[in-house]
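These notes are about the structure you will find just below.
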Amino acid sequence: MATIQIENYLNSTFKSNNALRNWLILLFFSLGMIGILHHEMWRDELQSWLIAKDSSSMIDLFNNLRYEGHPALWHTCLYLITRFTHNPLAMQIFHLLLATGVIYVFIEFSPFTRFQKILFTFGYFPFYEYSIISRSYSLGILLIFIFCGLYPTRNRSYLPLAAVLVLLANTHAYGLIIALLLTMTLILDGFLDPDIKILFNTKKWNIVVSLAIVAFGILMAIFQIIPPDDADFEGGVIQVDNGGALPLVNNYLIEDKGADWRYFPFLNKRLLTTIVIIWRSYIPIPNFFQYQFWNTNILLNGNSIARIFFILIIIIILLYSTALLIRKPIVLFLYLSGNCVFVFFSYTKYIGQLRHHGHLFFLFLACLWISSCYIKSDFLIEKFNCSQKILARLNLVERSKNVYLSGILLVHVIAGLFAFSMDLNYTFSGSKEVANYIEQQGLKDYVLVGSPDLTAPPVAAFLNRKIYYFESDIYGTFVVWKNRKLLTPIEVIDGVARLIKKNNKALLILNYKLQVKRKDLNISFLFKSSQSIVRDETYYLYLIEKKPVNSDLAP
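Just so we're aligned: the sequence shown equals residues 259 to 813 in the numbering used here.
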């Protein structure tokens, strides 16, 4: 009842969809500009920027991307931008324009209610994760929505959809997965068309050319994603605890610290952790009581009872969504196969983080969007011989669809506003502070050493100069993920000592407090950045100098 009243109020306030669209886009873009101007970019954002900026040609760009595990579409866009400016703010503005495009397409072409469109605009993923943080994901979401908007035109021509699928497949690995799923959905849609013979006879070349285009684009993406044999995405990461060097669990994985799964002894922890990505994608509520809120979930650190609760919620979400789509068999295929593929990929290859899991929720939105293109079918209901009681419950599910979706989107708004305000008021990454200190103190021309290598590129980006990375043994800006090694703080200092034999002094950028001493070196602490929201991007800056040969003999 409340959602109906809100919808009536919006209809009376905004006489046309254009008015709502224009106001929402203006507000979204304005707040986004404020957000990006206060956002300190972290390593993943600036790694892409540095690769694009420091590639001398498109051939060089593709060569540099061999160890990234991503297709080249996003980096190609950045490469074109870096031909005009080396200021990474240009990337942020370009990304915000893409995010605004997502909002425009959703408001203008989606079948959802006005209230749901408002909630979506300020939800966690479009308002924060895929707008303020500049990655390739917003480009992928824009292409998914364009595909949904073009879906009703499939009977006229498949070529526009094929072009979108090629671009989507070349955004990132999750874009590739969704492109494959959407391609299979289109094929299934064609095979189940009662007029398939007429369709193929009248559009044979359109279908053949479209399939060839999509196949080429998907193969091209797969070829780019497969890394060389010597690729190493996890080595060389150090965390220091009480002065001792400890291997740091890869920041990209969900380790679910403090998890207690003793009530599920028949399932392994990784499988349970993987299943939880469904919860995280639909309910992305961060831990409000934690400063480093990013990529947390308020219930993941709960006790066993809470864990049982959200496992049950995951089952309910899947069952409800299945019931919602059961009268649209083709769309149900897309939804169920998509969830299975995502869970399988996460379990076997890469568990990922919230920005990756969000694609599951956008798959659900795409399914709801595409389902509006189909009339209801009782094929599956008749196939399973559903009772009248089950039919009544299915009808209830359909009637409550808007309440269900609006409730989820409202949760996303709470998460989005919280994340946006935290990023606005606190330091997301300390890299910019360190770079500013180095410039203000006139230290930019010193030899710069960064360790661990994966956390130092943001500093290189803001200083617009190269850094020596011991873990990957290169002097450059971006990290090359190959032949990397794990180094202790002692080994890092030994490396610096060898490096300054000719230069006498160097600046060492770390993400931990150094507790190593050497008789032949003066190790001076210079600066510590503010505590960052990104867990391992609070930086410590040290000046390392050779002691005079006879310094120990001086009175």
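Note that beta-carbon positions come from the ideal geometry of N, C-alpha and C, so glycine has one too.
- request: Take His607 as the anchor and find which of Tyr432, Phe642, Lys641 has the nearest alpha-carbon.
  value: His is not the amino acid found at residue 607; the sequence shown has Lys there. Nearest option by C-alpha distance: Tyr432.
field: Tyr797 versus Asp488: straight-line alpha-carbon distance, rounded
entry: Cα to Cα, Tyr797 sits roughly 29 Å from Asp488.
query: Does DSSP put Lys515 in a helix, a strand or coil?
result: With a pLDDT of 45 at Lys515, under the threshold of 50, the predicted position of this residue should be treated as unreliable, and no value is reported.
message: If you measure between the beta carbons of Ile471 and Ala420, is that distance less than 7 Å?
response: yes
- prompt: Within this structure, are the beta carbons of Leu356 and Leu400 separated by less than 7 Å?
  reply: yes
- prompt: By Cβ distance below 7 Å, which residues in the same chain neighbour Ser814 in space, the five residues on each side in sequence not counted?
  reply: In the structure as shown, the chain starts at 259 and stops at 813, and residue 814 therefore has no counterpart that could be examined.
- prompt: Which parts of the segment 605-632 are runs of the alpha helix (DSSP H), unbroken and 4 residues or longer, counting only runs that do not cross its ends?
  reply: Runs of alpha helix (DSSP H) with 4 or more residues, each lying fully within the segment 605-632, are found at 612-629, listed in chain order.
message: Using a 10 Å radius around the Cβ and a threshold of 16 neighbouring Cβ atoms, would you call Lys647 buried or exposed?
response: Lys647 should be labelled exposed.
- request: Helix, strand or coil for Asn762, going by three-state DSSP, please let me know.
  value: Residue state, collapsed to three classes: coil.
message: Comparing C-alpha positions only, which one of Leu638, Met680, His615, Tyr549 sits nearest to Leu582?
response: Leu638
task: Please state whether DSSP places Val495 in a helix, a strand or coil.
output: Reliability fails at Val495, whose pLDDT of 41 lies under 50, so the model's placement of it is uncertain and the value that follows must be treated cautiously. DSSP places Val495 in coil when its eight states are reduced to three.
field: Alpha carbon of Gln698 to alpha carbon of Trp332, nearest angstrom
entry: 33 Å
- prompt: Quick one: complete alpha helix (DSSP H) runs, 4+ long, within the segment 656-712?
  reply: 659-683, 689-698
message: What does DSSP give as the partner residue(s) for Ser539 in the beta ladder?
response: Bridge partners of Ser539: none, in fact.
- prompt: DSSP three-state call for Ala755: helix, strand or coil?
  reply: Secondary structure of Ala755 (DSSP, three-state): helix.
- request: Assign Ile802 to one of three DSSP states: helix, strand, or coil.
  value: strand
- prompt: So, is Val624 buried or exposed, given that buried needs 16 or more other C-beta atoms within 10 angstroms?
  reply: One detail in the question is off: residue 624 reads as Ala in this sequence, not Val. Per the 10 Å Cβ criterion, buried.
- request: Look at the alpha carbon of Asn276 and the alpha carbon of Ala479, and state the distance between them as a whole number of angstroms.
  value: 37 Å
task: Going by CA-CA distance only, name the one from Leu621, Val589, Phe286 that's closest to Ser630.
output: Val589
query: So what's Leu784 in DSSP terms, helix, strand or just coil?
result: strand
query: How is Gly734 classed by DSSP in three states: helix, strand or coil?
result: strand
- prompt: Using a Cβ-Cβ cut-off of 6 Å (strictly less than) and excluding sequence neighbours within five positions of Arg793, which residues of its own chain qualify?
  reply: Gln550
query: If you draw a straight line from the C-alpha of Tyr684 to the C-alpha of Ile309, how long is it?
result: Going by the C-alpha atoms only, they are around 28 Å apart.
- request: Count the CB pairs spanning the segment 344-351 and the segment 592-600 that are closer than 8 Å, and state whether there are at least three.
  value: no
- prompt: Between His297, Val669, Tyr770, Ala764, which lies nearest to Ile781 when the distance is taken from Cα to Cα?
  reply: Selected option, being the one with the closest Cα: Ala764.
message: Quick check: the Cα distance between Thr475 and Phe385, rounded to an integer number of angstroms?
response: The amino acid at residue 475 is misidentified as Thr; the sequence shows Gly. Answer to the nearest angstrom: the Cα atoms are 30 Å apart.
message: Less than 7 Å between the C-beta atoms of Trp300 and Ser687, yes or no?
response: yes
task: Compute the beta-carbon to beta-carbon distance between Glu298 and Ser679, rounded to the nearest angstrom, for a pair I have assumed lies under 8 Å.
output: About 15 Å; that fails the 8 Å criterion.
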